[in-house]
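Numbers 354 to 817, taken from our numbering, label the letters of the sequence shown in order.
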Amino acid sequence: MLGRRRNNMLPKRLEGVLLLLFMLMVSNASGAFVGVHVGTGVSDLPSPSDIVSILKAKRIQHVRLVDSDHKMLVALANTGIEVMVGVPNDQLLRVGQSRSTAADWINKNVAAYIPATNITYIAVGDEVLTTIPNAALVLVPALQFLQSALLAANLNTQVKISSPHSMDMISKAFPPSTATFNSTWSSIMSQYLQFLNNTGSSFMLNAQPYYGYVKGQGVFPLEYALFRSLNPNSKIADPNSNLFYTNMFDAMVDAAYNSMQAMNFTGIPVMVTASGWPWRGARNEPAADVDNALAYNTNLIRHVLNSSGTPSQPKNQVSTYLFELFSEDRRTGPVSEQNWGIMFTNASAVYSLAFEDVAANNTDSPALRGMFCVANSSASHSALKQSLDWACGPGSANCSAIQPGQPCYKSDDIVAVASYAFNDYYHRTQTSGGTCNFNGTATISSTDPTLAPMAVAMVRLPDL
Numbered sequence: 354m355l356g357r358r359r360n361n362m363l364p365k366r367l368e369g370v371l372l373l374l375f376m377l378m379v380s381n382a383s384g385a386f387v388g389v390h391v392g393t394g395v396s397d398l399p400s401p402s403d404i405v406s407i408l409k410a411k412r413i414q415h416v417r418l419v420d421s422d423h424k425m426l427v428a429l430a431n432t433g434i435e436v437m438v439g440v441p442n443d444q445l446l447r448v449g450q451s452r453s454t455a456a457d458w459i460n461k462n463v464a465a466y467i468p469a470t471n472i473t474y475i476a477v478g479d480e481v482l483t484t485i486p487n488a489a490l491v492l493v494p495a496l497q498f499l500q501s502a503l504l505a506a507n508l509n510t511q512v513k514i515s516s517p518h519s520m521d522m523i524s525k526a527f528p529p530s531t532a533t534f535n536s537t538w539s540s541i542m543s544q545y546l547q548f549l550n551n552t553g554s555s556f557m558l559n560a561q562p563y564y565g566y567v568k569g570q571g572v573f574p575l576e577y578a579l580f581r582s583l584n585p586n587s588k589i590a591d592p593n594s595n596l597f598y599t600n601m602f603d604a605m606v607d608a609a610y611n612s613m614q615a616m617n618f619t620g621i622p623v624m625v626t627a628s629g630w631p632w633r634g635a636r637n638e639p640a641a642d643v644d645n646a647l648a649y650n651t652n653l654i655r656h657v658l659n660s661s662g663t664p665s666q667p668k669n670q671v672s673t674y675l676f677e678l679f680s681e682d683r684r685t686g687p688v689s690e691q692n693w694g695i696m697f698t699n700a701s702a703v704y705s706l707a708f709e710d711v712a713a714n715n716t717d718s719p720a721l722r723g724m725f726c727v728a729n730s731s732a733s734h735s736a737l738k739q740s741l742d743w744a745c746g747p748g749s750a751n752c753s754a755i756q757p758g759q760p761c762y763k764s765d766d767i768v769a770v771a772s773y774a775f776n777d778y779y780h781r782t783q784t785s786g787g788t789c790n791f792n793g794t795a796t797i798s799s800t801d802p803t804l805a806p807m808a809v810a811m812v813r814l815p816d817l
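Rendered as structure tokens:
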């Protein structure tokens with residue numbers, strides 16, 4: 354038994370929605386990965402061996418622990434799973450005030466388990482500057498003391514050290530081009546970034562578009578937070594850089610990059626240490642529901658593994674830890690805070706999260722064949738024309754074959770022409786969150802729209 358069995362009260366219509374393999378652990382060719390965060394605020398937390406069994410069953414190869422639980426580290430031995438261990442906030446003062454305490458922590462919680470347990474990162478505290486500011490002055494010393502201990506143990510190459518920060522560290526995250534860190538912490542952030550630069554570590558960011566959407570109070574559309582296609586008239590652009598942002602996640606990451614650049618630090622990669630979406634909330638939390646959680650997490654996985662980078666950093670992949678494996682019912686705050694997990698503790702899925710490891714240029718995979726994005730024949734001519742113009746313009750669909758004089762041009766059949774453009778857009782963008790909607794003028798079909806002599810790309814992915 355993996356714990357008390359909970360009633361799965363989710364809508365039956367979700368059962369079987371996504372039948373493809375759930376492979377959160379897969380890394381793409383350039384090294385970006387999606388891992389999972391395992392919290393401990395769970396009343397009926399499974400045993401370490403059962404947790405590892407779940408990770409192995411789901412083929413999850415990267416895990417973030419909030420502490421350095423010895424039983425978990427033993428259970429993870431010889432699995433090959435890459436492990437991020439944590440120095441909890443309540444241990445930070447001791448580690449940051451004593452070099453010997455830091456060395457003892459490394460010896461007992463890291464060195465003792467390597468090489469059997471594949472520990473690759475240490476997260477020192479969590480959102481320290483914004484949640485326990487009284488410990489701010491010991492954050493950088495803690496990093497330095499722990500790094501010295503890694504050097505002494507000859508583990509500084511295998512294990513990197515950093516500290517996760519929340520988006521609250523950034524004074525104004527949008528537009529990303531002018532984002533800066535809160536000036537209150539300028540001195541500490543300068544020392545922190547210098548440490549990362551010297552050690553080759555990543556800037557750890559907890560990026561939660563759910564909070565950004567809720568705090569925005571309608572400024573940003575829900576579709577923007579969920580990686581869904583935006584209405585052609587709702588494009589979101591940075592007025593200073595002229596870069597377009599199709600999702601809030603990228604904007605948050607670029608805000609971190611630009612905040613570092615404002616302090617004259619470039620070349621430090623961003624790693625997202627927590628990102629997810631709650632699947633249940635109180636009545637005054639309507640965005641916290643199963644449909645949105647399923648959409649966000651599925652699209653996040655695709656986006657990260659699609660090697661797409663961000664608008665300002667297209668070549669920098671953003672490895673991400675999905676928040677989280679189990680819902681932490683002992684967390685305080687609103688109902689949504691206790692319902693972020695993707696699994697129940699009895700090993701059943703909260704919802705049918707799926708992922709396909711399909712690179713952006715591999716859309717002819719057998720797993721993707723047989724589905725088409727076609728124009729809705731009941732849509733008005735003007736609506737179809739507007740969506741067609743967007744697909745061929747900002748949407749970057751390849752519409753050369755439907756131009757006048759080309760073999761697929763049909764001046765009297767806008768449904769056929771729009772179907773070609775819609776399907777090409779969907780074919781190109783589905784792995785990074787592109788959907789088949791076009792403001793209600795398109796739909797997924799398993800039937801070839803027979804746009805002869807057009808060769809229509811075939812895609813099989815859920816329309817989230």
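Heads up, the beta-carbon is just placed ideally off N, CA and C, and yes, glycines get one too.
Item: Distance between M624 and N509 (C-alpha atoms, nearest Å); Value: 18 Å
Item: Selected residue, minimal CA-CA separation from S772, among V727, N790 and I755; Value: V727
Item: F597 and A590 closer than 7 Å at C-beta; Value: yes
Item: Three-way DSSP call (helix, strand, coil) for V477 in this model; Value: strand
Item: A641 - DSSP class collapsed to helix/strand/coil; Value: coil
Item: Three-way DSSP call (helix, strand, coil) for Y704 in this model; Value: coil
Item: Nonlocal neighbours in the same chain, by C-beta distance under 7 Å from W693, ignoring five residues either side; Value: G629, P631, F676, E677 and S680
Item: Residue of S749, H780, I434 and V395 minimising C-alpha distance to T685; Value: V395
Item: Close-in-space but distant-in-sequence residues of the same chain around M557 (CB under 7 Å, 5 per side omitted); Value: A476, S515, S516, P517, H518, M624 and T626
Item: Three-state secondary structure assigned by DSSP to L658; Value: helix
Item: Supposed close pair A506, I459 - CB separation, criterion 8 Å; Value: 6 Å
Item: Cα-Cα separation, Y704 to S453; Value: 46 Å
Item: Reduced DSSP category for I589 - H, G, I as helix; E, B as strand; rest coil; Value: strand
Item: Buried versus exposed call for H415 [16 or more other C-beta atoms within 10 Å across all chains shown]; Value: buried
Item: Segments of 4+ residues assigned as alpha helix (DSSP H) that fall wholly inside the stretch 516-579; Value: 539-552, 562-569 and 575-578
Item: Among V688, T484 and N645, the one whose alpha carbon lies nearest that of N637; Value: V688
Item: Option nearest R412 by Cα separation, candidates G433, M605 and D765; Value: G433
Item: Local conformation of K409 per DSSP, three classes; Value: helix
Item: Paired residues, beta bridge with L675 - DSSP; Value: V389 and S628
Item: Residue burial classification, Q500 (beta-carbon count within 10 angstroms, cutoff 16); Value: buried
Item: Identity of the residues DSSP links to Y610 by a beta bridge; Value: Paired residues: none, contrary to the question.
Item: Reduced DSSP category for V427 - H, G, I as helix; E, B as strand; rest coil; Value: helix
Item: Inter-residue spacing [alpha-carbon to alpha-carbon] between A532 and T782; Value: 28 Å
Item: Cβ neighbour criterion (16 or more within 10 Å) applied to A795; Value: buried
Item: CB contact flag (F498, L546, <7 Å); Value: no
Item: Test item: CB-CB of V448 and A495 under 7 Å; Value: yes
Item: C-beta contact flag for L579 and A648 at 7 Å; Value: yes
Item: Validate contact between the stretch 461-475 and the stretch 417-429 using beta carbons, cut 8 Å, 3 pairs; Value: yes
Item: Assumed close pair P667, A604 - CB separation to whole angstroms, cut-off 8 Å; Value: Not really, about 14 Å apart at Cβ, beyond 8 Å.
Item: DSSP state of S798 mapped onto helix, strand, coil; Value: strand
Item: Short Cβ contact (7 Å threshold) for L706 with N659; Value: no
Item: Spatially closest choice to Y566 from P574, T473 and C761, by CA coordinates; Value: P574
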